[in-house]
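**Student:**
Number of protein chains: 2
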Amino acid sequence: MNIEKAWEILKKEGFKKTDKREQILEIFSQTEKYITARDILDVMMAEHPGMSYDTIYRNLSTFVDLGILEETELTGEKHFRMQCEADHHHHHFICMSCGNIKEINYCPMETLQNAIPGYEIENHKFEIYGNCPNCH
Amino acid sequence: MNIEKAWEILKKEGFKKTDKREQILEIFSQTEKYITARDILDVMMAEHPGMSYDTIYRNLSTFVDLGILEETELTGEKHFRMQCEADHHHHHFICMSCGNIKEINYCPMETLQNAIPGYEIENHKFEIYGNCPNCH
DNA sequence: ATTCTAATTCATAATCGTTACGATTTACAA
DNA sequence: TTGTAAATCGTAACGATTATGAATTAGAAT
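Residue numbers (my numbering), protein chains in the order written: chain V, 17 to 152; chain L, 17 to 152.
#1: Note down the Cα distance separating Phe96 (chain V) from Cys123 (chain V), rounded to an integer number of angstroms.
#2: Would you call Met61 (chain L) buried or exposed, if buried means 16 or more other Cβ atoms sit within 10 Å of its Cβ?
#3: Alpha carbon to alpha carbon, what distance is there between Lys94 (chain V) and Lys33 (chain L)?
#4: In chain order, what residues of the same chain have a beta carbon less than 6 Å from the beta carbon of Gly146 (chain V), not counting five sequence neighbours either side?
#5: Short check: CB of Thr88 (chain L) to CB of Glu143 (chain L), under 8 Å?
#6: Check for me: the beta strand (DSSP E) holding Ile144 (chain L) runs from which residue to which?
#7: Can you check which of these residues, V:Asn116, V:His140, V:Ser77 and V:Asn139, is closest to Leu26 (chain V) by C-alpha distance?
#8: Residue ranges of each alpha helix (DSSP H) run of no fewer than 4 residues wholly in the stretch 39 to 77 of chain L, ordered along the chain?
#9: Is DSSP giving Phe96 (chain L) helix, strand or coil here?
#10: Kindly indicate if chain L contains any beta-carbon less than 8 Å away from that of Leu76 (chain V).
#11: Show which residues of chain L have a CB atom less than 8 Å away from the CB atom of Lys118 (chain V).
#12: Could you tell me whether the Cβ of Ile144 (chain L) comes closer than 8 Å to any Cβ of chain V?
#13: Report the option in L:Leu128, L:Ile19 and L:His107 whose CA atom is closest to the CA atom of Asn121 (chain L).
#14: Look at the alpha carbon of Glu20 (chain V) and the alpha carbon of Val59 (chain V), and state the distance between them as a whole number of angstroms.
#15: Return the residues of the stretch 86 to 98 of chain L that lie within a Cβ-Cβ distance of less than 7 Å from chain V, sorted by chain order.
#16: Which same chain residues, not among the five before or five after Leu57 (chain V), have their C-beta less than 8 Å away from its C-beta?
#17: Can you tell me whether Cys111 (chain L) is helix, strand or coil according to DSSP?
#18: For Lys141 (chain L), which residues in chain V fall below 9 Å Cβ to Cβ?
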């Protein structure tokens, strides 16, 4: 997702255009990796020494709710990245060296659905970790 | 895994037999569910008002390292349960209502391995959430 | 059995990531 | 230009976890 698309969504939902939001989106648009709230804070604190935790966390949460950001929990800490453009459901390979991700156009749930009759599946987590071609 | 097996491992690795460890193992042997460090604390505080956080967290970590407990992260908090007896690799369906788990004897990695040549897979996470037959 | 020592626990504080809050500022609609 | 709800700031509180130094204890050595 690009910044324009993000603002479209924000506007449509009645959120205001602020410098802080613009900068957060800017940061995400410049990386493919999953990054933390702290990562954002560190970058933004440099320009705006008076940044508030609240602003970061509140906006990250808003962006996730609106489908602008994806969220995952690597080692206990929340990590975020721009929502993929892909309109189909997919998963991610996450490189443990460089942090870049690759979309995996495969979902195991297709196969699994029939294997456990009586069980009502609501959600699933499927992530693959390792080293990408550039990192080994 | 049962308590005897756990002590075998602990003894073999040179860990001492203590009341606290015995009680922690006891608690895990009595449930199938994933439970938190706080859950353990609450139970043990009842009998031993002077319990220390350190004792719980240190031992949980030790048990995970030794393969006595399984660990997963549900909603940001670490959850633990006895390591499954199953000698084959497997995954879990986790009921969001009652907390019970069901072993899933299927791993998507078999299928995926060939789909991303050049990518070195080191690890993966696959968990399914929903409601079990008893809970809907 | 008694002693010794490293392992374990206790008691408590610090840390880390996150959430919450009233006061102040700001975007933007009227 | 003004009014108002939204957003931010500044700061504190929170929950889960880790860390620390002192006291206790399991189990080996004597």
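Even for Gly, the Cβ is constructed at its ideal location relative to N, Cα and C.
**Tutor:** On the basis of the data shown:
#1: Along the first sequence, read from residue 1 onward, the residue named residue 96 (chain V) stands at position 80. Along the first sequence, read from residue 1 onward, the residue named residue 123 (chain V) stands at position 107. Cα-Cα distance, rounded: 21 Å.
#2: Here the question's residue 61 (chain L) lines up with position 45 in the second sequence. Exposed is the call here.
#3: Position 17 of the second sequence holds residue 33 (chain L). Position 78 of the first sequence holds residue 94 (chain V). Distance between the alpha carbons of Lys33 (chain L) and Lys94 (chain V) is about 37 Å.
#4: In the first sequence, residue 146 (chain V) corresponds to position 130, counting from 1. Closer than 6 Å at the Cβ level, and outside the excluded window around Gly146 (chain V), lies no residue.
#5: On the second sequence, residue 88 (chain L) is found 72 positions in, with the first residue counted as 1. On the second sequence, residue 143 (chain L) is found 127 positions in, with the first residue counted as 1. In contact: Thr88 (chain L) and Glu143 (chain L) (Cβ atoms closer than 8 Å).
#6: For this step, residue 144 (chain L) is matched to residue 128 along the second sequence. The continuous beta strand (DSSP E) containing Ile144 (chain L) extends over residues Glu136 to Asn147.
#7: To locate residue 26 (chain V), count along the first sequence from 1; it is residue 10. For Leu26 (chain V), the closest alpha carbon among the candidates V:Asn116, V:His140, V:Ser77 and V:Asn139 is that of V:Ser77.
#8: Segments of the alpha helix (DSSP H) lying fully in the stretch 39 to 77 of chain L: 53 to 63.
#9: If you number the second sequence from 1, residue 96 (chain L) lands on position 80. The three-state reading of DSSP puts Phe96 (chain L) in strand, counting E and B together.
#10: Numbered from 1 along the first sequence, position 60 holds the residue referred to as residue 76 (chain V). Taking CB atoms only, Leu76 (chain V) has no neighbour in chain L less than 8 Å away.
#11: Position 102 of the first sequence, counted from the first residue, corresponds to residue 118 (chain V). Here the neighbours are Ile132 and Tyr135.
#12: Counting from 1 along the second sequence, the entry for residue 144 (chain L) is found at position 128. For Ile144 (chain L), the closest Cβ of chain V is nearer than 8 Å.
#13: Your numbering for residue 121 (chain L) matches position 105 in the second sequence. Considering only alpha carbons, the answer is L:His107.
#14: Walking along the first sequence from the start, residue 20 (chain V) turns up at place 4. Walking along the first sequence from the start, residue 59 (chain V) turns up at place 43. Rounded to the nearest angstrom, the two C-alpha atoms are 21 Å apart.
#15: Going along the stretch 86 to 98 of chain L in chain order, one finds Glu89 and Gly92 with a Cβ nearer than 7 Å to chain V.
#16: On the first sequence, position 41 is the one that residue 57 (chain V) refers to. Excluding residues within five positions, the ones whose Cβ falls inside 8 Å are Met67, Tyr69 and Ile72.
#17: In the second sequence, the residue the question calls residue 111 (chain L) occupies position 95. Cys111 (chain L) falls in the strand class under three-state DSSP.
#18: If you number the second sequence from 1, residue 141 (chain L) lands on position 125. Scanning chain V for C-beta atoms nearer than 9 Å to the C-beta of Lys141 (chain L) yields Lys141, Phe142, Glu143, Ile144 and Tyr145, reported in chain order.
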